[in-house]
Amino acid sequence: MNPIKKVVIPVAGLGTRGLPFTKEIPKELLPVIDTPTIHFIVEEVISAGIEQVIFVTSKGKSVLEDYFDPSPNLENWLRRRGKDALAEKIHRIGNLVEVISVRQKEPLGLGHAINCARHVVGNESFAVCLGDEIYPDWNAKPDFVPALKRLVDGAQTLKSSVVGVVEIPKEDSTSYGIIDVGGAKLSNKPAIIKRTVEKPKPEDAPSPYAIIGRYVFEPVLFDCLKEVKPGVGGELQLTDGMDMLCKAGKLNAMLVDALRFDIGNHLSYLKAQIQSALVRPELASKLREYLRTI
Ligand code: G1P
50 MNPIKKVVIP VAGLGTRGLP FTKEIPKELL PVIDTPTIHF IVEEVISAGI EQVIFVTSKG
110 KSVLEDYFDP SPNLENWLRR RGKDALAEKI HRIGNLVEVI SVRQKEPLGL GHAINCARHV
170 VGNESFAVCL GDEIYPDWNA KPDFVPALKR LVDGAQTLKS SVVGVVEIPK EDSTSYGIID
230 VGGAKLSNKP AIIKRTVEKP KPEDAPSPYA IIGRYVFEPV LFDCLKEVKP GVGGELQLTD
290 GMDMLCKAGK LNAMLVDALR FDIGNHLSYL KAQIQSALVR PELASKLREY LRTI
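So for the sequence shown, the working numbering puts the first residue at 50; every next one is plus one.
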């Protein structure tokens, strides 16, 4: 398998869970304190050794590309006022990664969005990150390995497509793609997936393991996506394309045991705000003090 150098990040979605904020502003710009969600994701991508970010965009999303552009005027303005640390931060953002955009012209589903990137990805293995989950290092132990890096390393070792999964309460199965591992209990070893099912009812869920928004695929996925028919919600589902990889015995699951926040879920988003504040010395003690009073 080639080294993974490209990631596809679909950002064309309507972001309905974030309305009304997402009416005019992409959900990927929802900030955790002062840092947009997409920034966390791109940092995670870089730490996995990836060099090129392919955004699958739609109308109104160009601001996400702008975010990763250099801003020399702003940078100079900050330096002239002695705000060198902030200027450095802005400089770094403008030089983090190469960004390429492809357009998804109709909201036909996640599988369709990924397939829009096929000509830019070419015949290479690649990663996919969904834009509403973050895996920050706020609890970082010395041996912390970012979620995507674990999957990239796993895929390289196995020479196979790999998807991250987490264990969920069965009643949450209707929010996720669920994997079938033949009743096995997952440990920290990768497991071959027999089947993937998009958002099954709890009674139909083949396991408690939910697909998270971190994937590494061999390019054969694109051949599968071409064959996918409208599935759950009438959409062309990535999970249905993945199910075809499973039929060929070519998809592995890796349990991702990491701090995870779903920015589209209000409670999880609030937890992210609080937990990130608690690792910032200028905020932590004042926030703790405030929380004790309410
Ligand atoms: C998508 C995928 C689903 C996956 C989930 C992870 O669903 O279709 O398989 O489990 O992301 O967040 P969405 O959240 O876009 O409805």
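In this text, a Cβ means the ideal position worked out from N, Cα and C, and glycines have one as well.
Quick caveat, the model's predicted, so the values are computed rather than measured.
Pairing L235 with L304 gives a Cβ-Cβ distance under 7 Å. Counting C-beta atoms within 10 angstroms of its own C-beta, Y225 has 16 or more neighbours from the protein chains shown and is therefore classed as buried. Residue state for E247 is assigned as strand, using DSSP reduced to three classes.
Pairing R263 with A166 gives a Cβ-Cβ distance that is not under 7 Å. Per DSSP, T106 is one residue of the beta strand (DSSP E) stretching across 101-106. Between P251 and G203, the C-beta spacing is not below 7 Å. For S209 and K243, the gap between their C-alpha atoms comes out near 14 Å. Per DSSP, the unbroken beta strand (DSSP E) holding L300 starts and ends at 300-304. About 14 Å separates the Cβ atoms of E284 and L179, ruling out a contact at the 8 Å cut-off. With the rule of 3 Cβ pairs closer than 8 Å, the segment 329-340 does not count as touching the segment 90-107. In this structure the segment 246-260 does not touch the segment 132-144; the number of beta carbon pairs closer than 8 Å is below three. Using a cutoff of 6 Å, the CB of Y184 does not count as near ligand 1, since none of the ligand's heavy atoms is closer than that. Two segments are said to touch when three or more pairs of C-beta atoms, one from each, lie closer than 8 Å; by this definition the segment 209-220 does not touch the segment 78-91. Assigned with DSSP and collapsed to three states, V57 falls in strand. Excluding five sequence positions before and after L274, the CB atoms of its chain that fall closer than 6 Å to its own CB belong to G160, N164, G290, given in chain order.
By the neighbour-count criterion, in which a residue is buried when 16 or more other Cβ atoms sit within 10 angstroms of its Cβ, D272 is exposed. Per the Cβ contact rule, the segment 171-187 is in contact with the segment 59-76 (3 or more Cβ pairs under 8 Å). Annotated three-state conformation of V215 is strand, per DSSP.
When the alpha-carbon of N144 is set against those of Y116, A254, V81, the nearest one is in Y116. In the DSSP secondary-structure assignment, I260 is bridged to V214. For G290, the uninterrupted alpha helix (DSSP H) run begins and ends at 287-296, by DSSP.
Collapsing the DSSP output to three states places G171 in coil. As summarised for the segment 131-211, the continuous beta strand (DSSP E) elements at least 3 residues long and confined to that stretch are 147-152, 175-178, given in chain order. Exclusion of Y264 from the 6 Å shell around ligand 1 follows from its C-beta lying no nearer than that to any non-hydrogen atom of the ligand. Taking C-beta atoms under 8 Å as the contact rule, A162 and V105 qualify, at a distance of about 5 Å.
The three-state secondary structure of D115, taken from DSSP, is helix.
Distances taken from the Cβ of G67 to the heavy atoms of ligand 1 include none shorter than 6 Å.
Going by DSSP, D229 is part of no alpha helix (DSSP H) but of the beta strand (DSSP E) stretching over 226-229.
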